[in-house]
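Q: Under this note's numbering, think of the first position of the sequence shown as 10, with each following residue one higher.
Heads up, the beta-carbon is just placed ideally off N, CA and C, and yes, glycines get one too.
Okay, handing you the structure first.
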Amino acid sequence: MGPPRPSRPAASSPGEVTVAPPLPAGRRVVLYGVRRLDDATVDEVAELLDMTVSGARQHLQALAEQGLVEAQEQPRAPGERGRPRLTYRVTELADALFPKAYGALTNELLGYLDDEDASVVDRIFARRRDERIRRGRERIATRATLGGKVREVAQILDEDGYLATAERTGTGTYPVVEHNCAIATVARRYGQACSSEIEFLRAVLPGTTVERTKHLVAGDQHCAYEIRAA
Numbered sequence: 010m011g012p013p014r015p016s017r018p019a020a021s022s023p024g025e026v027t028v029a030p031p032l033p034a035g036r037r038v039v040l041y042g043v044r045r046l047d048d049a050t051v052d053e054v055a056e057l058l059d060m061t062v063s064g065a066r067q068h069l070q071a072l073a074e075q076g077l078v079e080a081q082e083q084p085r086a087p088g089e090r091g092r093p094r095l096t097y098r099v100t101e102l103a104d105a106l107f108p109k110a111y112g113a114l115t116n117e118l119l120g121y122l123d124d125e126d127a128s129v130v131d132r133i134f135a136r137r138r139d140e141r142i143r144r145g146r147e148r149i150a151t152r153a154t155l156g157g158k159v160r161e162v163a164q165i166l167d168e169d170g171y172l173a174t175a176e177r178t179g180t181g182t183y184p185v186v187e188h189n190c191a192i193a194t195v196a197r198r199y200g201q202a203c204s205s206e207i208e209f210l211r212a213v214l215p216g217t218t219v220e221r222t223k224h225l226v227a228g229d230q231h232c233a234y235e236i237r238a239a
């Protein structure tokens with residue numbers, strides 16, 4: 010019997026954010042143990058975490074089914090019998106479950122630039138905004154209705170990691186909600202991140218009014234916008 014077959018998530022399109030599933034605490038500990046050991050056997054994981062071999066095996070099989078670790082069968086020694094020897098390693102999908110310091114690093118680097126020349130930071134955010142506007146206009150060019158354009162913009166935001174949704178209220182207003190801020194750490198320090206976001210929406214949706222109705226940095230649980238025809 011070969012290694013467990015992971016249940017992979019559906020293939021994502023370029024730029025789409027793949028979200029790893031939530032993990033119970035015990036399973037997360039085992040996943041971290043596999044990362045520390047690289048190619049790890051069940052026995053090695055059990056020894057590292059001071060747990061039973063059967064317990065480690067159960068967690069590893071569950072992680073493999075979620076697509077968070079992958080198992081590889083190792084060659085048998087001549088005359089060796091019994092259960093196949095498997096080693097486990099962390100998959101790319103699981104990478105999102107490990108600590109990251111991207112926000113802190115970005116703030117640190119932007120801080121160095123700000124110390125050298127404050128206008129450089131403004132220009133960096135302006136370049137990011139202008140590039141997003143260019144790509145956004147290309148994406149919505151084929152959408153004929155305002156509703157279609159708003160839904161396409163929400164899809165762009167979703168692919169950028171904002172977990173965005175768009176609706177129509179029946180009054181000609183389209184609420185767009187960003188359930189996650191992909192750059193929250195940076196936005197809390199640099200207001201340019203937030204101003205460039207609303208500038209992006211206004212630029213790719215000409216002929217509309219765009220109003221921010223909720224703001225994460227101001228203490229709301231998320232950012233939200235209302236879009237309507239001008």
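Glutamate 208 and arginine 138 look like a contact to me (Cβ under 8 Å); what is the Cβ gap, rounded to whole Å?
A: The residue labelled residue 208 in the question sits at position 199 within the sequence shown. The residue labelled residue 138 in the question sits at position 129 within the sequence shown. With 8 Å as the limit, glutamate 208 and arginine 138 qualify as a contact, their Cβ atoms being about 6 Å apart.
Q: Measuring alpha carbon to alpha carbon, tell me which residue in Lys223, Gly35 and Ser205 is nearest glutamate 140.
A: Within the sequence shown, the letter at position 131 stands for residue 140. Answer by Cα proximity: Ser205.
Q: Spatial neighbours of glycine 181 within its chain, please: C-beta separation below 6 Å, excluding the five flanking residues on both sides.
A: Translated into the one-based positions of the sequence shown, residue 181 becomes position 172. Taken in chain order, the residues that qualify are Arg237.
Q: Starting from lysine 223, follow its DSSP beta bridges and name the residues at the other end.
A: On the sequence shown, residue 223 is found 214 positions in, with the first residue counted as 1. Partner(s): Ala233.
Q: How about glutamate 187 and tyrosine 171: are their beta carbons less than 8 Å apart?
A: Counting from 1 along the sequence shown, the entry for residue 187 is found at position 178. Counting from 1 along the sequence shown, the entry for residue 171 is found at position 162. Contact: yes.
Q: Would you tell me roughly how many angstroms separate the C-alpha atoms of cysteine 196 and cysteine 232, rounded to the nearest one?
A: Counting from one through the sequence shown, the residue named residue 196 turns up at place 187. Counting from one through the sequence shown, the residue named residue 232 turns up at place 223. One point to set straight first is that residue 196 is alanine, not cysteine, in the sequence displayed. Rounded to whole angstroms, alanine 196 to cysteine 232 spans 12 Å at the Cα level.
Q: How big is the Cα-Cα spacing for alanine 19 and glutamate 220?
A: For the purposes of this step, residue 19 is taken as residue 10 along the sequence shown, with counting starting at 1. For the purposes of this step, residue 220 is taken as residue 211 along the sequence shown, with counting starting at 1. For alanine 19, the predicted structure reports a pLDDT of 40, less than 50, and the residue's modelled location is therefore unreliable. The matter cannot be settled from this model.
Q: How big is the Cα-Cα spacing for histidine 224 and glutamine 230?
A: Position 215 of the sequence shown, counting from 1, holds the residue named residue 224. Position 221 of the sequence shown, counting from 1, holds the residue named residue 230. Approximately 8 Å, taken between the alpha carbons.
Q: Would you identify the three-state DSSP class for glutamate 101, choosing helix, strand or coil?
A: Position 92 of the sequence shown, counted from the start, is the residue given in the question as residue 101. Correct three-state label for glutamate 101: coil.
Q: How should glutamine 81 be labelled, buried or exposed, when 16 other C-beta atoms within 10 angstroms of its C-beta is the threshold for buried?
A: Here the question's residue 81 lines up with position 72 in the sequence shown. When all chains shown are included, glutamine 81 counts as exposed.
Q: Is it buried or exposed for methionine 10, if we count other Cβ within 10 angstroms and need 16 for buried?
A: Here residue 10 refers to the residue found at position 1 when the sequence shown is read from its first residue. Bear in mind that the predicted position of methionine 10 carries a pLDDT of just 41, short of 50, making it unreliable; the figure below should be weighed with that in mind. Looking at its Cβ environment, which holds fewer than 16 other Cβ atoms inside 10 Å, methionine 10 is exposed.
Q: Considering just the uninterrupted stretch of the beta strand (DSSP E) at glutamine 81, what are its terminal residues?
A: Counted from its first residue, the sequence shown places residue 81 at position 72. Here the beta strand (DSSP E) through glutamine 81 covers 78 to 82.
Q: Looking only at DSSP bridge pairs, what is alanine 173 linked to?
A: Here residue 173 refers to the residue found at position 164 of the sequence shown. Partner(s): Glu187.
Q: When DSSP builds the beta bridges, which residues end up paired with threonine 178?
A: By 1-based counting over the sequence shown, the position of residue 178 is 169. Per DSSP, none; premise fails for threonine 178.
Q: Could you name the residues of the same chain whose beta carbon sits closer than 7 Å to that of valine 213, not counting the 5 residues immediately before and after it, in chain order?
A: One-based indexing of the sequence shown puts residue 213 at position 204. Contacts found: Ile142, Gly145, Arg146, Ile149 and Val162.
Q: Please check the pair tyrosine 234 and leucine 210, which I expect to be a contact at CB under 8 Å, by giving their CB distance rounded to whole angstroms.
A: Mapped onto the sequence shown, residue 234 falls at position 225. Mapped onto the sequence shown, residue 210 falls at position 201. Sure, about 6 Å apart at Cβ, within 8 Å.
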